[in-house]
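Participant: In this text, residue positions in the sequence shown follow this note's numbering: the first is 21, and each later residue adds one.
Even for Gly, the Cβ is constructed at its ideal location relative to N, Cα and C.
Mind looking over this structure? Questions follow.
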Amino acid sequence: MAKACDMDRQNQLNAAQREAVETLSGPVLILAGAGTGKTRVITHRMAELIRRGTPPERILSVTFTNKAAREMRERAVRLLGAGRKPHPHVSTFHSLCSHILRQEIWRLGYPAEFVILDRGDQESQARTALRDIRVAEEKLRPADLINIISRWKMVGVEPEAAAEAAQNPRDVLAATAYRRYQKNMKASASVDFDDLLLLTSRIFENFPEALSRWQARFDHVQIDEYQDTNGIQFDLVEALVRPHHNLCVVGDDDQSIYGWRGADLRHILGFAEAFPGTRVIRLQDNYRCTDQILQLANNLVRHNKSRHEKHLIPHKFASQSVRYLEFPDDIKEAEHVVREIQYLVNEQQVLPGDAAILFRTNEQPRVFETQLRKARLPYVVLGSMSFFDRREIRDLLAYLKVLWRPEDDISLLRIINVPARGIGATTTEKIMARAVLNRQKFWDASAEAAAAGAIPKKMADALVAFQQLLNRFRADCREHPQRLDEILSRLIEEIGYEAEIEKQYKEPPEQLMRMAVVEDLVKTLKDYCAQAAEPSLGGFLEEAALTGKDEQGDKDDKLAETGVKLMTLHSAKGLEFSRVYLVGMEEGLLPHKRSIDDMTTAAIDEERRLAYVGVTRAKDYLTITRAARRMKWGRTIFTQPSRFLNEMRAAHPTLETKDE
């Protein structure tokens with residue numbers, strides 16, 4: 021019976037997919053074009069490995085976002101049956117490395133209870149490092165320092181080697197600050213997101229026994245979205261599979277659009293050279309888009325010379341699914357697009373959530389939002405802010421971080437007077453100055469300052485009361501880890517956080533929305549406690565850090581289902597929509613002016629791949645628009661049609677001009 025079920029599942033695959041699923045040893049490169057069913061192939065391949073005798077726990081599948089990992093894990097469970105245990109190890113690169121570091125980081129002098137910093141905490145550390153080396157923020161901003169350090173870490177540049185990697189005077193300053201930043205991070209038992217990869221790579225390189233232990237854990241490794249790997253990720257993968265080369269990577273060089281954050285196209289283009297004996301399998305049957313949409317996509321991407329040859333084959337046909345519209349200006353462009361969506365919703369019973377407006381830059385959606393509000397259409401701007409980046413969430417996570425680790429001064433300083441409890445900035449600065457001078461933590465310096473009479477008694481009493489509150493809730497978290505959500509609810513009530521929201525935001529709807537976000541965090545914590553085998557505050561904070569970094573957060577999902585989606589082309593990758601409006605197809609927008617100014621083939625090629633991603637998001641209808649002029653910085657700018665229009669329109673030469 022089980023064999024019959026397996027055969028049924030195999031019969032759902034086309035010939036190329038079946039070949040990929042049944043190629044189970046050695047290096048395999050699966051070139052999966054847009055809409056060709058790569059996730060199905062990855063999950064069926066895991067099931068086939070298990071069917072042929074590989075223990076599930078000896079299979080590692082790695083992808084780039086928690087959302088993708090969750091989807092892959094759920095599909096694998098459905099395919100294998102919920103009762104089968106254990107399951108394959110499915111995770112993101114960062115989750116995998118965090119898991120490894122919890123067991124191995126002691127080799128580098130860090131404790132296993134290290135803290136993963138979010139972007140705000142990183143900038144605080146960067147600000148401290150710049151202050152330590154006496155570099156003014158006018159010369160190098162903390163945010164810019166973080167970006168430079170991240171760029172170095174993604175290619176494996178250690179602090180000691182950063183000066184050699186410097187390309188300009190600002191980089192030289194950054195190299196000095198990088199050394200101080202990393203020293204301070206280690207002293208506070210903290211790591212940033214890039215450290216998860218860099219420190220794991222350092223362990224694999226310098227401790228052969230640790231590498232051997234992790235190599236022995238997995239007999240088969242699969243990597244999804246391989247075109248997005250950076251240098252340090254390639255090194256990690258290569259090290260893990262070195263004994264057996266049972267490595268299957270799935271990706272599409274035509275959708276490589278993250279060069280600006282370290283993704284190296286050469287990894288997928290040169291995979292066969294890096295892993296001799298590679299079997300290359302092309303998935304070209306597209307089940308998402310109509311033939312007209314695919315004709316555009318194929319016409320466009322073949323203008324890139326550095327790519328694996330492939331051609332998407334349609335399985336859906338339509339008489340009219342592509343249009344090009346030109347408008348006098350950007351206002352008319354937005355008015356027309358929104359008026360058309362309004363007509364479809366009101367007269368054709370199309371759901372608002374079936375439509376997406378895709379754009380290249382974050383400035384473009386403003387005029388569309390204005391028109392959508394006028395039309396009273398529900399909409400959501402996706403990819404703009406992570407759930408975990410919201411002020412209320414950052415405040416409450418800072419409380420939880422301090423409950424977990426009392427010595428976390430960065431989190432403590434964020435919430436020491438939030439809500440206001442009479443601990444002023446002057447007092448805090450005095451205590452921190454003493455702490456820095458004497459190399460103490462905040463609470464030790466606070467006790468000494470109070471004993472020496474260096475701070476007013478009223479302030480000292482407020483600090484003691486706050487410390488006692490934290491100690492009380494910390495004890496609750498340790499004693500009742502399965503009830504963390506209840507403890508957080510009590511904390512929110514005791515500190516008066518709802519009153520703080522009412523003080524910060526005067527409009528009742530805004531207050532309700534902010535409190536709903538707080539309630540979402542409590543629910544997230546409750547879900548964690550219900551699902552974790554051994555819930556702990558540290559475990560939740562690690563999950564929040566890893567989730568908050570690489571995806572927008574799922575708290576907007578309900579609105580995203582019901583409202584028109586507005587998003588950048590980068591945010592749209594991996595998604596699909598019945599109706600797509602690809603707007604602003606102009607020189608300077610797509611391709612972006614920075615890429616044009618770069619004057620390199622590689623820069624324009626990446627913009628072309630970005631346009632290709634936009635086109636292939638559309639399942640049934642694609643409308644491409646441009647405006648003859650736009651307002652920018654208060655001035656009217658006359659535009660030129662994007663070069664990509666001519667490249668796409670070989671088979672669709674008609675451009676409809678709208679004078680409305």
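Is the beta carbon of residue 353 closer than 8 Å to that of residue 112?
Facilitator: Residue mapping note: residue 112 aligns to position 92 of the sequence shown, counting from 1. Residue mapping note: residue 353 aligns to position 333 of the sequence shown, counting from 1. No.
Participant: My understanding is that residue 531 touches residue 521, with C-beta atoms under 8 Å, so please give their C-beta distance in whole angstroms.
Facilitator: Taking the sequence shown and counting its residues from 1, one reaches residue 531 at position 511. Taking the sequence shown and counting its residues from 1, one reaches residue 521 at position 501. Right, the Cβ-Cβ distance comes to about 6 Å (below 8 Å), so this counts as a contact.
Participant: Would you mind giving the Cβ-Cβ distance between residue 287 and residue 266, rounded to the nearest angstrom? I have them listed as a contact below 8 Å.
Facilitator: The residue you call residue 287 lines up with position 267 of the sequence shown. The residue you call residue 266 lines up with position 246 of the sequence shown. With a Cβ gap of about 18 Å, residue 287 and residue 266 do not count as contacting.
Participant: In angstroms, rounded to a whole number, what distance separates the CA positions of residue 45 and residue 190?
Facilitator: As a position in the sequence shown, residue 45 is number 25, starting the count at 1. As a position in the sequence shown, residue 190 is number 170, starting the count at 1. Whole-angstrom Cα-Cα distance: 48 Å.
Participant: Could you check if residue 194 belongs to the surroundings of the ligand MN, using beta carbon to heavy atom distance under 7 Å?
Facilitator: Ligands in the displayed structure: none, and consequently the ligand MN is not present.
Participant: Just to confirm before moving on: does the CB-CB distance between residue 545 and residue 497 stay below 8 Å?
Facilitator: Looking up residue 545 in the sequence shown gives position 525. Looking up residue 497 in the sequence shown gives position 477. In this structure, residue 497 does not lie closer than 8 Å to residue 545 by Cβ.
Participant: Give me the Cα-Cα distance between residue 121 and residue 215, rounded to the nearest whole angstrom.
Facilitator: Here residue 121 refers to the residue found at position 101 of the sequence shown. Here residue 215 refers to the residue found at position 195 of the sequence shown. Each residue's alpha carbon lies about 10 Å from the other.
Participant: Whose C-beta lies closer than 7 Å to the C-beta of residue 482 among residues of the same chain, with five residues either side of it excluded?
Facilitator: In the sequence shown, the residue the question calls residue 482 occupies position 462. Around residue 482: 441, 442, 443.
Participant: With distances taken Cα to Cα, identify the nearest neighbour of residue 400 among 582, 124, 34.
Facilitator: The sequence position of residue 400 within the sequence shown is 380, counting from 1. Selected option, being the one with the closest Cα: 582.
Participant: Quick one: what's residue 401 bridged to in DSSP?
Facilitator: Taking the sequence shown and counting its residues from 1, the one referred to as residue 401 is at position 381. Answer is 586.
Participant: Whose C-alpha, out of 197, 138, 477, is nearest the C-alpha of residue 3?
Facilitator: Residue 3 cannot be examined here, being either before or after the span of the chain that is shown, 21 to 680.
Participant: List the residues that DSSP assigns as beta-bridge partners of residue 652.
Facilitator: Walking along the sequence shown from the start, residue 652 turns up at place 632. Its beta-bridge partners are 655.
Participant: Considering only the alpha carbon of each residue, which of 600, 245, 487 lies closest to residue 84?
Facilitator: Numbered from 1 along the sequence shown, position 64 holds the residue referred to as residue 84. Selected option, being the one with the closest Cα: 245.
Participant: What's the call for residue 600, buried or exposed, on a 16-neighbour Cβ count within 10 Å?
Facilitator: For the purposes of this step, residue 600 is taken as the residue at position 580 of the sequence shown. It is buried - the Cβ of residue 600 has at least 16 other Cβ atoms within 10 Å.
Participant: Which whole-angstrom value is the C-beta distance of residue 306 and residue 54, which I expect to be below 8 Å?
Facilitator: One-based indexing of the sequence shown puts residue 306 at position 286. One-based indexing of the sequence shown puts residue 54 at position 34. With 8 Å as the limit, residue 306 and residue 54 qualify as a contact, their Cβ atoms being about 7 Å apart.
Participant: Mind checking who residue 334 pairs with in its DSSP beta bridge?
Facilitator: Residue mapping note: residue 334 aligns to position 314 of the sequence shown, counting from 1. Its beta-bridge partners are 306.
Participant: Check residue 142 in the structure and name its three-state DSSP category.
Facilitator: For the purposes of this step, residue 142 is taken as residue 122 along the sequence shown, with counting starting at 1. Note: residue 142 maps to helix in three-state DSSP.
Participant: Extract the residue ranges of the beta strand (DSSP E) inside the stretch 270-299, only unbroken runs of 3 or more that lie entirely within it.
Facilitator: Listed in chain order, nothing qualifies, since the stretch 270-299 has no complete beta strand (DSSP E) run of 3 or more residues.
Participant: Taking the alpha carbon of residue 512 as the reference point, which residue from 413, 92, 58 has its own alpha carbon closest?
Facilitator: Stepping through the sequence shown from its first residue, residue 512 is reached at position 492. Closest option to residue 512, Cα to Cα, is 413.
Participant: Going by C-alpha distance, which of 225, 141, 585 is nearest residue 256?
Facilitator: Position 236 of the sequence shown holds residue 256. The candidate whose alpha carbon is nearest that of residue 256 is 225.
Participant: Three or more beta-carbon pairs under 8 Å between the stretch 204-211 and the stretch 124-134, yes or no?
Facilitator: Contact between the stretch 204-211 and the stretch 124-134 is present, because at least three Cβ pairs lie under 8 Å.
Participant: Select from 590, 347, 450 the residue whose C-alpha is nearest the C-alpha of residue 648.
Facilitator: For the purposes of this step, residue 648 is taken as residue 628 along the sequence shown, with counting starting at 1. Measuring from the Cα of residue 648, the nearest candidate turns out to be 347.
Participant: Would you tell me roughly how many angstroms separate the C-alpha atoms of residue 88 and residue 326, rounded to the nearest one?
Facilitator: By 1-based counting over the sequence shown, the position of residue 88 is 68. By 1-based counting over the sequence shown, the position of residue 326 is 306. Cα to Cα, the separation comes out at about 27 Å.
Participant: With a Cβ-Cβ cutoff of 8 Å, do residue 668 and residue 316 count as a contact?
Facilitator: Walking along the sequence shown from the start, residue 668 turns up at place 648. Walking along the sequence shown from the start, residue 316 turns up at place 296. Cβ atoms of residue 668 and residue 316: closer than 8 Å.
Participant: Could you round the C-beta distance between residue 172 and residue 182 to whole angstroms and report it? I think they count as a contact, below 8 Å.
Facilitator: Within the sequence shown, residue 172 is the residue found at index 152, counting from 1. Within the sequence shown, residue 182 is the residue found at index 162, counting from 1. Right, their Cβ atoms sit about 6 Å apart.
Participant: Does residue 419 pass the burial test, meaning 16 or more other C-beta atoms within 10 Å, or should it be called exposed?
Facilitator: Locating residue 419 in the sequence shown gives position 399, where the first residue counts as 1. Answer is buried; the Cβ neighbour count reaches 16.
Participant: Do residue 610 and residue 658 come within 8 Å of each other at the CB atom, strictly closer than that value?
Facilitator: Working through the sequence shown from its first residue, we reach residue 658 at position 638. Working through the sequence shown from its first residue, we reach residue 610 at position 590. No, these two residues do not count as a Cβ contact at 8 Å.
Participant: Which residues in the same chain have their Cβ closer than 7 Å to the Cβ of residue 559, if we skip the five residues on either side of it in sequence?
Facilitator: Looking up residue 559 in the sequence shown gives position 539. For residue 559, where only same-chain residues beyond five positions count, the Cβ hits under 7 Å are 552.
Participant: Run through DSSP, which three-state label would residue 358 get?
Facilitator: Along the sequence shown, one-based indexing puts residue 358 at 338. Of the three classes helix, strand and coil, the one that applies to residue 358 here is helix, per DSSP.
Participant: Under a three-way DSSP split, which group does residue 27 fall into?
Facilitator: Here residue 27 is taken as the residue at index 7 of the sequence shown, counted from 1. Confidence at residue 27 is low in this model, with a pLDDT of 35, below 50, so the placement of that residue should be treated as unreliable; the coordinate-derived value is given next. The answer is helix: DSSP assigns residue 27 an H, G or I state.
Participant: Say whether the stretch 164-180 touches the stretch 587-602, bearing in mind that this needs 3 or more beta-carbon pairs closer than 8 Å, one atom from each stretch.
Facilitator: As far as the Cβ criterion goes, the stretch 164-180 does not touch the stretch 587-602, which means the pair count is below three.
Participant: Just checking my contact of residue 380 with residue 588 at CB under 8 Å: how many whole Å lie between their CB atoms?
Facilitator: Within the sequence shown, residue 380 is the residue found at index 360, counting from 1. Within the sequence shown, residue 588 is the residue found at index 568, counting from 1. Yes, residue 380 and residue 588 are in contact; Cβ-Cβ is about 7 Å, under 8 Å.
Participant: If I'm right that residue 235 touches residue 260 with Cβ under 8 Å, what's the distance once you round it to whole angstroms?
Facilitator: Locating residue 235 in the sequence shown gives position 215, counting from the first residue. Locating residue 260 in the sequence shown gives position 240, counting from the first residue. Correct: roughly 6 Å between the Cβ atoms.
Participant: According to the neighbour-count rule (16 or more other Cβ atoms, all chains shown, within 10 Å of its Cβ), is residue 355 buried or exposed?
Facilitator: Residue 355 sits at position 335 when you count from the first residue of the sequence shown. Buried: at least 16 other Cβ atoms inside 10 Å.
Participant: If you count every other CB in all the chains shown that lies within 10 Å of the CB of residue 126, and 16 or more means buried, which is it?
Facilitator: For this step, residue 126 is matched to residue 106 along the sequence shown. Exposed.
Participant: Check this for me: beta carbons of residue 628 and residue 378, under 8 Å apart or not?
Facilitator: Counting from one through the sequence shown, the residue named residue 628 turns up at place 608. Counting from one through the sequence shown, the residue named residue 378 turns up at place 358. No, these two residues do not count as a Cβ contact at 8 Å.
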